[in-house]
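Take the sequence shown: its letter number 239 is residue 398 in our numbering, and every next letter is one higher.
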Amino acid sequence: MALPLHTRGTVAGHGASALYKVLSLAEALRQDFPLPRAMIDLRELDGVDLNALVAIGAGAILDKDGSLASPLPTLHSLTMPAVVAPGDVVRVHPSGQVNVLYRRGANANTLFATERCNSQCLMCSQPPREEDDSWRIGEMIDLLQLIDRDLPVLGITGGEPCLLGDGLVEVLRTAKQYLPNTVLHVLTNGRLFADRAFVRSFDQSAGQVVWAVPVYADNATDHDYVVQADGAFNETVNGLHNLAERDHRIEIRCVLHRQTVHRLQELVEFLYWNLPFAEHVALMGLEPMGYARSNRDKLWIDPIEYADTLSQAAAYLWRRGITVSIYNIPLCLLPDQARPFARQSISDWKNVFVPECQSCTLREACCGFFRSAGDGWRSKGIQAIESKAIA
160 MALPLHTRGT VAGHGASALY KVLSLAEALR QDFPLPRAMI DLRELDGVDL
210 NALVAIGAGA ILDKDGSLAS PLPTLHSLTM PAVVAPGDVV RVHPSGQVNV
260 LYRRGANANT LFATERCNSQ CLMCSQPPRE EDDSWRIGEM IDLLQLIDRD
310 LPVLGITGGE PCLLGDGLVE VLRTAKQYLP NTVLHVLTNG RLFADRAFVR
360 SFDQSAGQVV WAVPVYADNA TDHDYVVQAD GAFNETVNGL HNLAERDHRI
410 EIRCVLHRQT VHRLQELVEF LYWNLPFAEH VALMGLEPMG YARSNRDKLW
460 IDPIEYADTL SQAAAYLWRR GITVSIYNIP LCLLPDQARP FARQSISDWK
510 NVFVPECQSC TLREACCGFF RSAGDGWRSK GIQAIESKAI A
């Protein structure tokens, strides 16, 4: 069972919300992370000298049941103890709410930058809200200092992260300082990069950041309709060229649904001829959350209805030397020749498998399904695959 990213517990000594790096006692004593930011996990330890932890400057403790009389701020009696583990970074509220902002060992970790956006995509899984959430800049900067240094990839998403302006520049500068070997995968609509001066402000991040930018059609009419913003196509394409001029790494994304699959072949040809600097193209199944639910009639198409088109589009890019991936579509819905492009792309906390998967020989290689995908989003092609390997 996938673990959620939140739970509740009982807190003592916490006067305000705080970020902590949860650490075993042994790891805390190595002092790879600042001890005042450490929450020492004592749930499986007895006889620890709590005054000694105070003396070395530990920030807080995580107790199993509140039986420890601690002079330090304490979190205990979690309703779901497994949600919080050593290595994680958690936000603890005085109310007892606990949010996991970074999970050690997860298949994906992402910083949520803002709820604001300058587009209103028909299928947006995180509908934007116009509110001042500039406080997230400081939280991300604090969080980056507590993330494991060997993390291979860290996502940044929203909303539209670029709306943070100089705040995003500072976040990426902090990431470069504390996580110099981590690839930063930033989801952005790319529209603000039409401003060359704005692009230049990210020069220090060139090479570390991969800008993941959606292009939904080979033409402005279709793309602008999907994102519900006139002029967006031209801004995005110009922005992509401006990024490429400054040697930035670029990924192109396209979410597959009724408004995009009808010109998928034309789209990949457009990408090849007009955006050849893209290092990766991701063709993505729809996540049935947010606006996608209210726009289901405009968006839903059974993946088996466009599977052959998708297979041909992926092969077109691959034959021309462009790395291409298929995300969020189970292997049973893809032709044999398309399966090598499929990735296990769904974050573990969103990921489920259905009963048909139990006997499938390819389950361990499959992305499965979004937890949010109910019967109304269920393909008629779901079935167990017997004795077939992925080429």
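Beta carbons are placed, not taken as given, at the ideal position from N, Cα and C, and that holds for glycine.
Close-in-space but distant-in-sequence residues of the same chain around residue i (CB under 8 Å, 5 per side omitted)
i, result
"R405", "V358, R359, F361, D362 and A365"
"Q424", "T468, Q471, A472 and Y475"
"Y465", "L415, V420 and L423"
Nearest candidate by alpha-carbon position, reference residue i, set the options
i, options, result
"Q340", "L322, V328, T347 and D307", "Note that residue 340 corresponds to Asn in the displayed sequence, not to Gln. Closest by alpha carbon: D307."
"E428", "Y450, H439, E438 and L476", "L476"
"T347", "I409, V213 and G527", "I409"
"R530", "A472, A524 and M448", "M448"
"T273", "L281, G264 and P287", "P287"
"I463", "L164, C321 and L415", "L415"
"A441", "T333, D208, Q190 and V374", "V374"
"A171", "D222, P163 and S183", "D222"
Between the CA atoms of residue j and residue i - distance to the nearest angstrom
i, j, result
"P514", "Q503", "18 Å"
"Y431", "P494", "23 Å"
"F192", "T419", "46 Å"
"P487", "G444", "A small fix is needed here, since residue 487 is Asn in this sequence, not Pro. N487 and G444: Cα-Cα distance of roughly 5 Å."
"H173", "C526", "40 Å"
"T269", "L204", "31 Å"
"F271", "R295", "8 Å"
"N378", "L260", "38 Å"
"L492", "I544", "10 Å"
"C516", "G314", "29 Å"
"V213", "L231", "7 Å"
"I460", "D389", "25 Å"
"C519", "G297", "46 Å"
"R196", "E290", "29 Å"
"D534", "R452", "12 Å"
"Q190", "K180", "12 Å"
As assigned by DSSP and simplified to three states, the class of residue i
i, result
"M443", "strand"
"V328", "helix"
"G552", "It is not possible to answer for residue 552, since the shown part of the chain is limited to 160 through 550."
"L434", "coil"
"C276", "coil"
"S484", "strand"
Own chain residues within Cβ distance below 6 Å of residue i, not counting five before or after
i, result
"W536", "P447"
"T166", "L237, T238, M239, V242 and V257"
"R262", "D247"
"G318", "T273, E274, R275, C276 and P287"
"E394", "R350 and A353"
Residue-level contact to chain D via CB, residue i, 9 Å cutoff
i, result
"R355", "In the displayed structure, chain D is absent; only one protein chain is listed."
Cβ separation of residue i and residue j, assumed to be a contact under 8 Å, to the nearest whole Å
i, j, result
"L201", "I220", "5 Å"
"N412", "L458", "In the sequence under discussion, the amino acid at residue 412 is Arg, which differs from the Asn named in the question. No, R412 and L458 are not in contact; Cβ-Cβ is about 16 Å, not under 8 Å."
"A391", "S278", "6 Å"
"M282", "Y450", "6 Å"
"A501", "I485", "5 Å"
Own chain, CB closer than 7 Å to residue i, minus 5 neighbours either side, in chain order
i, result
"A403", "I409 and F436"
"P311", "T341 and V342"
"G225", "T169, H235 and S236"
Heavy atom of the ligand SAH within 8 Å of residue i beta-carbon
i, result
"R537", "Absence of the ligand SAH is noted for the structure shown, with no ligands found whatsoever."
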